[in-house]
Amino acid sequence: MRPWLGLLAGATLAAGCTEHLPPTVAETPARSTAALINTYWKLTELDGARVETPADAREIHFVLHGEGQRVAGFSGCNRMMGSYVLDGDSIKFAQMGGTMMACVSGMDIERSFLAMFSRVARWEISGETLRLLDTEGKTLGRFESRYMK
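So in my numbering, spot 74 of the sequence shown is number 163, and the numbers just go up one at a time.
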């Protein structure tokens, strides 16, 4: 066997065994896939604390209705409602109120959730996540979109 033939065969074999990695792609932020208006937004985080919904409870949520610029939802114990004004990525909530039922548990988170709306200045959606932000850009509440079946 000729020596250069062995080298050629060895080089070909070695080249076939190398791992081919895809080129590195810069990570891009998630695109908005959910609409702000007429989407059911479930609360997942409030003032930096994770919010879990107990198995036997309704989830805290809200929906911004396009017609009449009304907001409605559930605040942990009571139904909530109010109005909002949108201007680009700015949002202002007004006339927030709710039913007045007393509950054994959940009243603290309900008060915090309802109080959050008066501090909201902006909104931002990334993928299926909505963040409501204050004037300094601090996240006040984080929500996930939910779709009705």
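Virtual Cβ for every residue (Gly too), placed ideally from N, Cα, C. Just so it is clear, the structure is predicted and the values come from calculations on it, not from any experiment.
Please classify residue i as buried or exposed, where buried requires at least 16 other C-beta atoms within 10 Å of its C-beta.
i	result
TYR236	exposed
VAL174	exposed
CYS166	buried
ILE126	exposed
MET169	buried
GLY162	buried
GLY230	buried
Using 8 Å as the threshold, is the C-beta distance between residue i and residue j below it?
i	j	result
SER201	ASP145	no
THR133	PHE232	yes
LYS131	HIS150	yes
VAL251	ASP223	A query on residue 251 cannot be resolved here, the shown segment of the chain reaching from 90 to 238 and no further.
Could you have a look at residue i and say whether DSSP puts it in helix, strand or coil?
i	result
SER215	strand
ARG189	Correcting the residue type first, residue 189 is Met in the shown sequence and not Arg. If DSSP states are grouped into helix, strand and coil, MET189 belongs with coil.
GLY157	helix
ILE180	strand
LEU175	strand
ALA204	helix
Would you list the one or two residues that DSSP bridges to residue i?
i	result
GLU233	LYS131 and THR218
PHE163	HIS150 and ARG168
THR142	Paired residue(s): none; THR142 is not in a bridge.
THR228	LEU222
Hey, how far is the Cα of residue i from the Cα of residue j?
i	j	result
GLU199	SER164	5 Å
ARG220	ALA123	12 Å
HIS154	THR128	8 Å
GLU141	GLY157	31 Å
SER172	GLN184	6 Å
SER215	LEU203	23 Å
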